[in-house]
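Novice: Take a look at the following structure, please.
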Amino acid sequence: MGSGETPAEVRCVAAVPCWVSLTARGLEGAKGFYGPLLGWEFEPGPDRFGPYVHAVVGGEAVAGLGEAGGGAIPLAWTAYFGTESADAAADAVRERGGTLAVGPLAFDAGRVAFAADPAGAPFGIWEGPPGRARRLDLPGAPMWIELRTPDPFAAALFYGQVFRWDGRDPERFEVRWEHDRVVLRAEGHSVAALAKAQPSGPAGLPPHWEVSFAVPDADRALARAVELGGAPVGTAFDSPYGRVARLRDVEGARFAVISPKS
């Protein structure tokens with residue numbers, strides 16, 4: 001995600017998450033929750049699939065928020081993986097036991113699809129203008145994206161085959177094992193991970209990609225979220241990547257906030 005970009009113009013960083021978007025029942029309610037919590041301002045976005053806005057921090061488009069239509073898109077945060085070919089990635093999803101829910105469809109400057117992995121975790125596929133990975137060091141921007149799943153190794157095989165993790169330039173892309181996770185690194189930054197869902201985690205929570213947004217203080221953000229009508233999912237805790245608080249927004253969509261390690 002770069003300066004002045006809209007979701008339609010988000011640079012396609014192949015093989016890793018390059019955009020996050022919320023599907024909500026009510027756009028105004030979502031804006032009223034996330035705006036004060038994460039310091040977001042909002043600008044109009046492409047409305048082919050219904051009302052849609054960009055969340056903006058410091059002039060940077062950091063996420064998208066849209067209203068649910070009549071399709072199969074879950075009411076949740078979705079992480080989109082970049083790919084050179086949405087059609088090839090969609091074919092690979094089906095061939096390797098995943099489910100293709102929508103698309104691929106032409107969408108402004110690229111092509112988009114919505115899918116689920118074999119364990120049921122939803123994710124998006126984005127084919128757009130190519131770009132380079134970078135992490136936005138901004139409060140309110142997505143800082144960490146992590147799959148919570150019963151078998152991260154099986155999941156890594158699935159995503160690795162769909163997005164061709166093997167054979168990429170090791171100077172630009174790397175898959176490693178660290179902190180009990182399969183970690184994806186792009187352009188020298190750890191950008192996402194696949195981790196085993198722990199028994200101590202939220203009960204009954206299905207496999208999902210958890211989107212964590214950067215905040216100065218996770219504990220204060222948790223308290224502010226409750227004031228705004230959200231709810232905690234457990235207590236805040238320290239992770240190898242910072243202090244994390246898992247939350248539900250006003251409609252129940254799950255996400256997390258994270259205070260970067262000093």
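Residue numbering for the sequence shown follows the UniProt record's numbering, beginning at 1 and increasing consecutively. All residues carry an ideal CB built from backbone N, CA and C; glycine is no exception.
1) Out of curiosity, what's the CA-to-CA distance linking Tyr241 and Val211?
2) Would you kindly check if the distance between the Cβ of Ala197 and the Cβ of Thr149 is under 8 Å?
3) Less than 8 Å separating the beta-carbons of Arg96 and Gln161?
4) Note down, in chain order, each residue of its chain lying with its Cβ closer than 8 Å to the Cβ of Arg25, except the 5 sequence neighbours on either side.
5) Just list the residues that DSSP pairs Asp238 with in beta bridges.
6) Could you tell me the alpha carbon to alpha carbon distance between Ala115 and Met143, rounded to whole angstroms?
7) Per DSSP, which residues does residue 292 bridge with? Please list them.
8) Quick one, which of Asp117, Ala225, Glu171, Trp77 has its alpha-carbon nearest Ala90's?
9) Quick check on the DSSP output: the beta strand (DSSP E) that includes Phe163 runs from which residue to which?
10) Check the DSSP bridge columns for Pro122 and list the partner residues they point to.
11) Look up Ala8 in the DSSP assignment and say whether it is helix, strand or coil.
12) May I ask which residues mark the beginning and end of the beta strand (DSSP E) holding Lys196?
13) If I follow the unbroken alpha helix (DSSP H) through Arg224, where does it start and stop?
14) Taking its Cβ as the centre, do 16 or more other Cβ atoms sit within 10 Å of His208, making it buried, or is it exposed?
15) Going straight from the alpha carbon of Pro260 to that of Ala236, what length do you get?
16) Hey, Leu147 and Ala186: beta-carbon distance below 8 Å or not?
Specialist: By the coordinates alone:
1) Within the sequence shown, residue 241 is the residue found at index 241, counting from 1. Within the sequence shown, residue 211 is the residue found at index 211, counting from 1. One C-alpha to the other measures close to 13 Å.
2) Position 149 of the sequence shown holds residue 149. Position 197 of the sequence shown holds residue 197. Closer than 8 Å, so yes.
3) Position 96 of the sequence shown, counted from the start, is the residue given in the question as residue 96. Position 161 of the sequence shown, counted from the start, is the residue given in the question as residue 161. The answer is yes: Cβ separation under 8 Å.
4) Numbered from its first residue, the sequence shown carries residue 25 at position 25. Counting only Cβ-Cβ distances below 8 Å, and skipping sequence neighbours, we find Glu67, Ala68, Leu75, Glu251.
5) Here residue 238 is taken as the residue at index 238 of the sequence shown, counted from 1. Arg243, per the DSSP bridge assignment.
6) Here residue 115 refers to the residue found at position 115 when the sequence shown is read from its first residue. Here residue 143 refers to the residue found at position 143 when the sequence shown is read from its first residue. Using only the alpha carbons, I get a separation of about 23 Å.
7) What the structure shows of the chain is the stretch from 1 to 262, and residue 292 is not part of that stretch, so it cannot be assessed.
8) Residue numbering aside, residue 90 sits at position 90 when the sequence shown is read from its first letter. Checked all of Asp117, Ala225, Glu171, Trp77; the closest Cα to Ala90 is Asp117.
9) For this step, residue 163 is matched to residue 163 along the sequence shown. Where Phe163 is concerned, there is no enclosing beta strand (DSSP E), given that its DSSP letter is neither H nor E.
10) Position 122 of the sequence shown, counted from the start, is the residue given in the question as residue 122. Paired residue(s): Ala116.
11) Within the sequence shown, residue 8 is the residue found at index 8, counting from 1. Since pLDDT at Ala8 reaches only 43, below the 50 mark, its modelled position is unreliable, and the value read off the structure follows with that caveat. Shown here, Ala8 sits in a helix according to DSSP, grouped into three states.
12) Taking the sequence shown and counting its residues from 1, one reaches residue 196 at position 196. Where Lys196 is concerned, the enclosing beta strand (DSSP E) stretches over 189-196.
13) On the sequence shown, residue 224 is found 224 positions in, with the first residue counted as 1. Note, Arg224: alpha helix (DSSP H), 218-227.
14) Here residue 208 refers to the residue found at position 208 when the sequence shown is read from its first residue. With 16 or more other Cβ atoms within 10 Å, it is buried.
15) Translated into the one-based positions of the sequence shown, residue 260 becomes position 260. Translated into the one-based positions of the sequence shown, residue 236 becomes position 236. One C-alpha to the other measures close to 13 Å.
16) As a working mapping, residue 147 is identified with position 147 in the sequence shown. As a working mapping, residue 186 is identified with position 186 in the sequence shown. No.
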